[in-house]
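My numbering puts the first residue of the sequence shown at 802, with every later residue one more than the last. Every residue, glycine too, gets a C-beta built ideally from N, C-alpha and C.
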Amino acid sequence: MAFTSAVQGFAKLSLEEKIKILSEFSGLNEEDLNLLKKYRELPDYLELENNIGPFKIATNFLVNGKDYFVPMELEEPSVVAAASRIAKLTRAEGGFKGEYFDSKMIGQLQLLDVENFEEAKENLLKKKEEILKIANESNKIIFDLGGGARDLELKEIETERGKNLVLHLIVDTLDAMGANVVNTMLEAITPIVTEITGGRHCLRIISNFADKRIVSVTAKIKIENLAIGNYSGDAVVNGILDAYALAKTDIYRASTHNKGCMNGIDAVTLATGNDWRAIEAGAHSYVARNRYTSITDFGVEDDFLVGKIEIPMAIASIGGATNSKKARLAMKILRVKNAKELGVVVASVGLANNLGALSALGSEGIQKGHMRMHEEFVKSGK
Ligand code: MEV
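Put into structure tokens, the structure is as follows:
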């Protein structure tokens, strides 16, 4: 029985051996193994290392003290190798540590033709409890589970077609991504809101700028362990910090830097049947809230490089395509219990991929470095 995801030589093992380890670690059954096999029979299946069917498997992830094999659905094997390599380096220092600051989604109800904004806002706030009650009655399931509409925020927004009053409905969507829950609630409260304000509604839709559902993950790596080829750990860290500094200030670099994070984030969200476009939209809008910049931050503390990622993570462990057989298998391999746990793992993979790319870019270069690292990782069986 493999008790950790730090399996020596995982990438070099035969497909059967890899699947055996995963089966023991995650308790896969006959049905799960058959599903993996069916994916391997599809015409677009490539026999690349760490590819077990619909996804490739990243190893070595230790997140908040728990071990994970991480299913990643993407075509680039070097992304999986890079994530596994960085995850291994973070393990020595206790792995990734993460938390959610909050878990709420925001729905927007756009009101036009409001005549008196002050009066409309005052009246909406007076009737807040009634509005929240109507919202919660429209989705009893989420309310009964302990979530639901929690609050209202009101914004006056000047547009090129006049001033809007925009009502933000703040909803705890628990383990659901939230779009269905929030959109249903917005439509349910529309009659009372238009009656109170005298306005006319236009759009009613969730916002993907999920700044009330932020996940934050940090990790540290001993500098000497970052050495690559002829580059010492110090040299690699200097390269990482210089590359990061450019991403902080230059949009041309920030975009690509962030793409490196999203390589990992999208791959896990796709494997688990999540709406990866919503998570992309959230991540990019969050880092553009003042001026577009890097999703991650890096610094040095004593003998360690410390990295941090902080992004909105509207991820689900229930609902929609997370109910598909493939997604349920990915969740089983991950052994995650809920959406929050999944979100922390996903952000950890994003941080690992970003650091993997920067360590190559800041030393030997991506072609030689990243590709060679990938080959070495496979050969050495780390
Ligand atoms: C390629 O898929 C991702 C990178 O471009 C990320 C980066 O430049 O940081 C290597």
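- Shown here, residue 1078 sits in a helix according to DSSP, grouped into three states.
- In this chain, the beta strand (DSSP E) harbouring residue 1023 covers 1015–1023.
- Secondary structure at residue 970: strand, using DSSP grouped into helix, strand and coil.
- A straight line joining the alpha-carbon of residue 933 with that of residue 1011 spans about 20 angstroms.
- Within the same chain, 1073 and 1118 come within 7 angstroms of residue 1132 by CB-CB distance, once the 5 residues on both sides are set aside.
- Checking the 6 angstroms criterion, the Cβ of residue 1059 is out of range of every heavy atom belonging to the ligand MEV.
- The three-state secondary structure of residue 1006, taken from DSSP, is strand.
- Excluding its 5 nearest sequence neighbours in each direction, residue 1125 has C-beta neighbours in its own chain below 6 angstroms: 1074, listed in chain order.
- With respect to the C-alpha of residue 993, the residue from 826, 1058, 931 and 1146 having the closest C-alpha is 931.
- Across the structure, residue 841 and residue 1103 are spaced so that their CA atoms are roughly 47 angstroms apart.
- The nearest non-hydrogen atom of the ligand MEV is 6 angstroms or more from the C-beta of residue 1052.
- Residues 1024, 1027, 1101 and 1106 of the same chain have their beta carbon placed closer than 7 angstroms to that of residue 1038, with the five preceding and five following residues left out of the count.
- Residue 998 sits in a helix when the DSSP states are folded into three classes.
- In this structure, residue 812 has its beta carbon at no less than 6 angstroms from each heavy atom of the ligand MEV.
- Counting other Cβ atoms within 10 Å of its Cβ, residue 1004 stays below 16 and is therefore classed as exposed.
- Each of 1134, 962, 1129 and 928 was checked against the Cα of residue 953, and the nearest Cα belongs to 928.
- Distances taken from the Cβ of residue 1028 to the heavy atoms of the ligand MEV include none shorter than 6 angstroms.
- For residue 1041, the shortest separation between its Cβ and any heavy atom of the ligand MEV does not lie below 6 angstroms.
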